[in-house]
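Residue numbering for the sequence shown is 1275 to 1563, as defined by our numbering. Glycine included, every Cβ here is placed at the ideal spot set by N, Cα and C. None of these values were measured; they are calculated from a predicted model.
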Amino acid sequence: MEVGFLGLGIMGKAMSMNLLKHGFKVTVWNRTLSKCDELVEHGASVCETPAAVIKKCKYTIAMLSDPSAALSVVFDKDGVLEEICEGKGYIDMSTVDAETSLKINEAITAKGGRFVEGPVSGSKKPAEDGQLIILAAGDKALFEESVPAFDVLGKKSFYLGQVGNGAKMKLIVNMIMGSMMNAFSEGIVLADKSGLSSDTLLDILDLGAMTNPMFKGKGPAMNKSSYPPAFPLKHQQKDMRLALALGDENAVSMPVAAAANEAFKKARSLGLGDLDFSAVIEAVKFSKE
């Protein structure tokens, strides 16, 4: 199976590598073409434009940073729309709002192409290990044809119906994650300021009803003020913002998420946007000083 792949950031690079390791033929594109070099060493082909990837491949996956990037790759010169046509499928796994997914779907299908949105739950390590959770919606036949690739990229794929449902589900998941990370950060800082061991706090949390892989995975590095980017903070804040907009649209009160968003915004203002989203703890520390 030959697959095109657009976008080789932290997630896209790991996902493309997994496809190559499992015998897929992969043709890649990235705005900074030098990011393709390592994948070429593992057998990938490179195209210089998104349009060229679409022309070459029956199926193309995109993994881009935000709605603006997702739209740009589709609609700009040398973009997806220039070559999408009947018989070709486009799978956008970026985390965007439902409106962006619907706009892309409308443009792709108007030219005879098929579209699936497939945002993922999981960051760098799950991407490297093929343990993502795929939240897909859109063309059911394209989803079913994509299952061999999804089975390499993730541990489970959900089909959620019409386009927009995948985007909404991903924003809700990330909104919960960001709110939890902010509360976790406040707990670590409070323990430290109270003269307690934050390492002991991690041990206690891991033994009780609140145990979860995020606390266990992120906590030790947070206690050392280390934030290697698995999921950049600027993207977490973007997702919080989009989730809050979804809450406004549905008249859902979300004061906890709104407060967490303010903490992530504060962290961005401190210049931490490119660090892991766990760096939000620095904004909590700053507010206590």
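In this structure, the beta-carbon distance from residue 1387 to residue 1362 falls below 8 angstroms. Taking a 10 Å sphere around the C-beta of residue 1502, we find fewer than 16 other C-beta atoms and assign the residue as exposed. Three or more beta-carbon pairs separated by less than 8 angstroms are not found between the stretch 1415–1433 and the stretch 1462–1478, which leaves the two stretches without contact. Secondary structure at residue 1397: coil, using DSSP grouped into helix, strand and coil. If you compare the alpha carbons of 1346, 1521, 1301 with that of residue 1313, the shortest gap goes to 1301. Counting of Cβ neighbours within 10 angstroms places residue 1524 among the exposed residues, the total staying below 16. By the criterion of a C-beta distance shorter than 8 angstroms, residue 1532 is surrounded in its chain by 1518, once the five residues flanking it on both sides are discounted. In the same chain as residue 1278, and ignoring 5 residues on each side of it, the C-beta atoms closer than 6 angstroms to its own belong to 1301, 1327, 1331, 1334, in chain order. Residue 1328: member of the alpha helix (DSSP H) spanning 1324–1330, first to last residue. The three-state reading of DSSP puts residue 1492 in helix, counting H, G and I together. Between residue 1411 and residue 1437, the C-beta gap is smaller than 8 angstroms, which places the two residues in contact.
Judged by their CB atoms, residue 1520 and residue 1445 are nearer to each other than the 8 angstroms cut-off.
Beta bridge pairing from DSSP links residue 1391 with 1366, 1411. Look at residue 1306 here: in three-state DSSP terms it is coil, with no helix or strand label. Rounded to whole angstroms, the separation of the alpha carbons of residue 1324 and residue 1281 is 10 angstroms.
Closest by C-alpha distance to residue 1508, out of 1553, 1310, 1467, 1485, is 1553. When the alpha-carbon of residue 1491 is set against those of 1342, 1400, 1463, the nearest one is in 1400. Annotation: the continuous beta strand (DSSP E) that includes residue 1335 extends over 1333–1336. Going by beta carbons, residue 1309 and residue 1276 fall outside the 8 angstroms limit.
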